[in-house]
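Just so we're aligned: the sequence shown equals residues 17 to 640 in the working numbering. Please read the structure below before turning to the comments.
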Amino acid sequence: MSRAHAESVIKKIIREIVQECAVRGHAVSDTLVAFMVKAVVLDPRNGFNVDRTLTKQDVQKLEELCLDKLMEKCSPSLDTIKMQVYFDMNYTFRREFLEEIHQVVESRLNQVSREITDSRVKTREELDALYHKIISYILLRSGMGSPTDVNTVQEATAALQSVFPQTELGAFMVLLKRDKEQQLNELTMIVTGIQLFNKVSKKGAEETDLHDLMPALLNEALPVISKNIEKELSVSQSLAWKYTAVLEKLTDSESQPEECDMPTVLLKQSLYNIRQHEAFLKMLLADAHLCAKHVEFLQTELSSQMKLLKETVQSKTAVPTAKVFPLFKALSKLWFGLQDEAELLNILSNIMLNLQPFLASQAKIFSEAYLDSLLGASEVKTDEQRMTESSDERIVPGEMKTQEWLLPERTASFNDLFLQYNGFCGYTLVNRDGLLLPGNPHIGVLKYKEKLYVFNSKKAALKFASSPDDFIAEVAEKAKLSPELIQFLRLHQQFSCVSPYSEMQPGESLLVKPNTKCDSTTQTDIHPMETNIVRSYEWNEWELRRKAIKLAGLLTKVTHSVQTDLSHMRRENTTQTWPPKDAACQSKRNGESNVPKPQIYLAGLREQKEGSMVKTDLTRSVDE
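What follows is the structure in structure tokens.
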């Protein structure tokens, strides 16, 4: 059968079962029906083969068996499965719970916010109406009071006018929708901080009463919810210990009477029902305690912020907004955090209350008086007593060197280990026909195939460790007969076709083997053969791009060659030159000029003592 065909068949089966249950007056979810189909297929007593294509007779048989299971009355097994479905579909992590709370608040105020951001006012009356809508939005978002209370509205109006007078609505209207939403949120935080500050200032007390500052819902829920969960947990644990004691007595091979076979089956189903309820209550209680710690932290921060705000404001008539507005915002942020914790506590309380109806079957079948009669003189031991009795037993790793053991003194974060089978002893579950006994990690934790197993005694630990695969397979067979154990013991990995309810889809493949997946790693030498190393190989894409760009750039370049002394005469060198050519150039020419040649004669220079000298100039002109 192909996967697509199997999914279509299962969708049809689930749809028909849901419709038939509705006709019979029982409303069931697709998730519950899908798991029940898987449980019926896995049960070897029903004779289904997942490798064989379903015939019409198989489909009819499957539907009848599922309907019989879903229509059972006073069935602790069915109640346990329903409880598991409800819890997985309604419980989630703290972070996701807070995200859901924020989404609910946003969706509740979405209509009011849209009316404010999309409004197009034109008259004075419309401006007044818009301003009142902003006040109503702030009150609804902050939870400081009802928008219908006159005194609350007056206080919020005064606080808003001090930071956002009505005259600024014109500037608000021209903003983009996104900017309007941002400013609306900022105004909400500032006004909420102002209201909190005014609420404390009215009392005139030096010390702030944190109880008065807390949201009303938190004041009601905080002291009650944890106590209620602890009370419910105590009742469930007492019942679980009684059922365990009764089953210990009935499953004892030396004293088990034959006529107790039928009550034993119902007792085991009731034990699984109570143990599952106990596990869920422990999760809720842990979340409630975490909420209490967060509330205590937020209260301390709120008190310190209020004290800082008082010191900043004191009796001043005016304080810079850049200094005081961040303090108001911090105050309102803490207030909103307290509101989130109150809503989260309320959700946890509702989940706890909604789990109680799933205990009705076992309470109706086995009353307290009937359990006491079955117990007789047997001692009812608590889980703590069982831990104490086995605390002296300790695994010595040398006794079984083939297995790895984790001991408290050698393992960091020993108490936070993720234990298989939800911390119960797998050996006892197999050896005592489905009896659940809590394991004691201090005896020693077996680490086998990266999974951790605990046991209720040293003998059980050694027996299990001698052949762990056989016991693991036996536990899986027990879970096939009691499908509620698949979820309770966290056996989803062993039943790969069964997933947690919160991850299950109605049309998921059920009757075909799923794709097998596993984590694997391989390691090879970098270069097995040195001769095959490609030195020019480059794995980096950007380096290859750089080289390609460099080669492309050479097309625009000119090749040059240079010869040095080191390379001289080592290769042929060729150079190309141009031969000389006749060339002429023109320079200055020779020139001359003519001047007169002087001819001067002197007469009377000789033999004349007293005679005068005569100078005669015979120089001729150049033009002559």
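Glycine is no exception: its CB is placed at the ideal position from the N, C-alpha and C atoms. Here the structure is a predicted model, which is why all the values come from computation and not from measurement.
Residue i - containing alpha helix (DSSP H), residue span
i, result
"K196", "193-217"
"N62", "First-last for N62: undefined, no H or E at that position."
"A492", "484-497"
"I132", "110-133"
"K149", "140-158"
"P163", "First-last for P163: undefined, no H or E at that position."
"K380", "376-381"
"F180", "Element bounds for F180: n/a, residue is neither H nor E."
"Q100", "92-106"
"P596", "Segment: none, P596 is in no alpha helix (DSSP H) and carries neither H nor E."
"N556", "No alpha helix (DSSP H) holds N556; DSSP gives it neither H nor E."
"C82", "72-86"
"E500", "500-504"
"T337", "337-371"
"M403", "399-405"
"S536", "Note, S536: premise wrong, no alpha helix (DSSP H); not H, not E."
"L185", "185-189"
"E384", "384-391"
When the options are compared against residue i, the one with the closest alpha-carbon
i, options, result
"R506", "F440, E116, L155, N65", "F440"
"N201", "R68, L155, K243, P596", "L155"
"D74", "F64, L83, C82", "F64"
"L361", "L391, H305, P336, S389", "H305"
"S498", "V44, I33, T96", "T96"
"I381", "R61, H42, C90", "C90"
"D639", "V611, G627, D633", "V611"
"F180", "T337, R157, K27, T71", "T337"
"E466", "T590, Q419, Y102, A489", "Q419"
"Q292", "P413, L452, Y153, E608", "L452"
"T133", "S123, Q198, W558, P614", "Q198"
"A346", "Y386, G414, G209", "G209"
"S320", "Q539, L343, K298, T69", "L343"
"K215", "A172, R561, V56", "A172"
"S252", "S242, I241, S286, T267", "S286"
"L283", "E112, K258, K298", "K258"
"T267", "D449, L422, L86, S93", "D449"
"S158", "L354, T538, V396, T635", "L354"
"M322", "I411, S348, K298", "S348"
"D165", "L176, I151, S628, S389", "I151"
"N244", "V574, L350, L297", "L297"
"R402", "L318, A295, E264, L94", "E264"
For residue j and residue i, believed in contact at Cβ under 8 Å, the rounded distance
i, j, result
"L301", "E246", "6 Å"
"S394", "A261", "5 Å"
"F504", "L325", "In fact, because the Cβ distance is near 51 Å, the residues do not count as touching under 8 Å."
"Y469", "L462", "4 Å"
"P457", "N472", "11 Å between Cβ atoms; not a contact."
"V329", "V340", "7 Å"
"M99", "V137", "No, M99 and V137 are not in contact; Cβ-Cβ is about 54 Å, not under 8 Å."
"M416", "A481", "6 Å"
"I26", "V53", "7 Å"
"I459", "E400", "Actually they do not touch by this definition, with Cβ atoms about 15 Å apart."
"Y153", "L501", "About 51 Å; that fails the 8 Å criterion."
"I241", "L114", "In fact, because the Cβ distance is near 17 Å, the residues do not count as touching under 8 Å."
"L255", "L314", "The pair is not a contact, with the Cβ atoms about 37 Å apart (cut-off 8 Å)."
Any chain C beta carbon closer than 8 Å to residue i
i, result
"A476", "Here chain C cannot be found, since the structure has a single protein chain."
Residue i - partner residues in DSSP beta bridges
i, result
"L422", "V461"
"Y469", "L462"
"P454", "F440"
Limits of the beta strand (DSSP E) - the one that residue i falls within
i, result
"Y617", "616-619"
"K631", "630-633"
Any non-hydrogen atom of the ligand NAP within 7 Å of residue i CB
i, result
"K566", "Ligands displayed in this structure: none; no statement on the ligand NAP is therefore possible."
Task: the segment 421-435 in contact with the segment 443-453 per 3-pair CB rule at 8 Å - done: no
Task: Three CB pairs or more closer than 8 Å across the segment 138-155 and the segment 175-185 - done: yes
Task: Inter-stretch contact at 8 Å, needing at least 3 Cβ pairs: the segment 105-124 / the segment 69-88 - done: no
Task: Given 8 Å, three or more beta-carbon pairs between the segment 101-108 and the segment 361-371 - done: yes
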